[in-house]
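Below is one structure, written out as structure tokens, with a few remarks after it.
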Amino acid sequence: MEQQIIIQAAIRLFNREPVQALSPEHSWDESLGKEIRAWDPGTSAHARALKSGLLLWNDELDESHAISQSLDTQEGSYWHGIMHRMETDYSNAKYWFARTGKHDVHSSLLEVSSALIEQSREELLHAIEELSSRKAAHRRACLSIAEWDRWDASTYVNLVEAQSHADDEASGRLLRRIQRTEMALLLDYSYHAEFGGRLFESLVQS
27 MEQQIIIQAA IRLFNREPVQ ALSPEHSWDE SLGKEIRAWD PGTSAHARAL
77 KSGLLLWNDE LDESHAISQS LDTQEGSYWH GIMHRMETDY SNAKYWFART
127 GKHDVHSSLL EVSSALIEQS REELLHAIEE LSSRKAAHRR ACLSIAEWDR
177 WDASTYVNLV EAQSHADDEA SGRLLRRIQR TEMALLLDYS YHAEFGGRLF
227 ESLVQS
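Under our numbering, think of the first position of the sequence shown as 27, with each following residue one higher.
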């Protein structure tokens, strides 16, 4: 897979509608998945992480997992954690995020997430007192991300798990957009480390 094809695939995945589910069940685009699987990244850890991320964004969890679990790198642990979060194995996801530790994308992730929350604040607070206590508490917890002083992967896992119980449309929409940002930033990081340049320049802090 040439760089231009990688770029086109990444942009297509970023713009997919609807936004990727928090726990996807089936491949999003079979033809795109075939292209990604056909790419041989060689032995480079960054390139292999890039392939793992592209597969995961295309909802191919098993194929992504086969790569990320073999990568003894921070990127590998991060993709591994996201995969387990998507398959709803939340405790395992937290383990791999703990292995990941603080990552370079976290500051940009928190900044963009806070901006997304501000865009969604009115919707999340609208008639909140009329919601069930579970949904109202969940919305407030999602809003609290904007108050974090650092990205907290474990708490975000808790929010994703809570969404599976609260089934709140507004909160789910926000969490999916945050997940999309996380995927884009980490994919951009892997791409930059391997090839230089950026996939999603506007998301990356200068």
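Glycine residues also receive a C-beta, built at the ideal position from the N, C-alpha and C atoms.
Assigned secondary structure, residue i (DSSP; H/G/I helix, E/B strand, else coil)
i: residue 225; result: coil
i: residue 68; result: coil
i: residue 28; result: coil
i: residue 95; result: coil
i: residue 153; result: coil
i: residue 144; result: helix
i: residue 214; result: helix
i: residue 208; result: helix
First and last residue of the uninterrupted alpha helix (DSSP H) at residue i
i: residue 7; result: Any answer about residue 7 is impossible in this case: the structure gives the chain only from 27 up to 232.
i: residue 45; result: Run containing residue 45: none; DSSP gives neither H nor E here.
i: residue 84; result: Note, residue 84: premise wrong, no alpha helix (DSSP H); not H, not E.
i: residue 177; result: Neither: residue 177 is in no alpha helix (DSSP H) and is coded neither H nor E.
i: residue 52; result: Per DSSP, residue 52 belongs to no alpha helix (DSSP H) and is neither H nor E.
i: residue 129; result: Note, residue 129: premise wrong, no alpha helix (DSSP H); not H, not E.
Exposed unless 16 or more other CB atoms sit within 10 angstroms - verdict on residue i
i: residue 84; result: buried
i: residue 86; result: buried
i: residue 143; result: buried
i: residue 207; result: buried
i: residue 79; result: buried
i: residue 141; result: exposed
i: residue 77; result: buried
i: residue 117; result: exposed
i: residue 98; result: exposed
i: residue 232; result: Only weak support exists for where residue 232 lies, its pLDDT of 34 falling under 50; the value from the coordinates is given anyway. The residue in question, residue 232, is exposed, as its Cβ has fewer than 16 Cβ neighbours within 10 Å.
i: residue 114; result: exposed
i: residue 161; result: buried
i: residue 111; result: buried
C-beta atoms of residue i and residue j nearer than 7 Å
i: residue 202; j: residue 45; result: yes
i: residue 204; j: residue 139; result: yes
i: residue 64; j: residue 213; result: no
i: residue 90; j: residue 81; result: yes
If we count Cβ pairs, one from each stretch, closer than 8 Å, do we get three or more for the segment 181-197 versus the segment 93-106?
Not touching, per the Cβ criterion.
Tell me, please, whether the segment 124-134 touches the segment 146-161 by the rule of three or more beta-carbon pairs shorter than 8 Å.
Short answer: they don't touch.
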